[in-house]
Amino acid sequence: MTKLIACLLPFFWSCLAFAEDVKDAPIPTEMNWVGIAVFAFIFFGGSFGFIALVWWKGRGKKADKDTPAK
């Protein structure tokens with residue numbers, strides 16, 4: 012994981028270096044509700060999924076601590 016992050020950081024820095032300014036871009040007048048809905052679904056679904064995964068993995072460990080050792 013550390014090697015992956017170390018390889019991606021220079022890539023992200025180079026993306027920032029070649030980014031274009033959006034000074035002349037017009038202000039959006041309409042909202043894209045489909046994009047907002049997809050973002051909300053992925054964000055909240057991922058958050059809920061992560062919390063459920065942590066809870067699911069941790070519930071067996073709690074039961075093991077309560078049982079006496081043989």
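If you read the sequence shown in our numbering, its first letter stands for residue 12, the second for the next number, and so on.
Yeah, the Cβ is synthetic: ideal placement off N, Cα and C, and Gly gets one too.
Flag residue i as yes when its Cβ comes closer than 7 angstroms to any non-hydrogen atom of the ligand NAP, and as no otherwise.
i	result
residue 20	The ligand NAP is not part of the structure shown, which contains no ligands of any sort.
Here's a check: name, in chain order, each residue in its chain whose Cβ is nearer than 6 angstroms to the Cβ of residue i, leaving out the five neighbours to either side.
i	result
residue 28	none
If I measure Cβ to Cβ from residue i and keep anything under 8 angstroms in the same chain, skipping five residues before and after, which residues do I get?
i	result
residue 16	none
residue 51	none
residue 30	none
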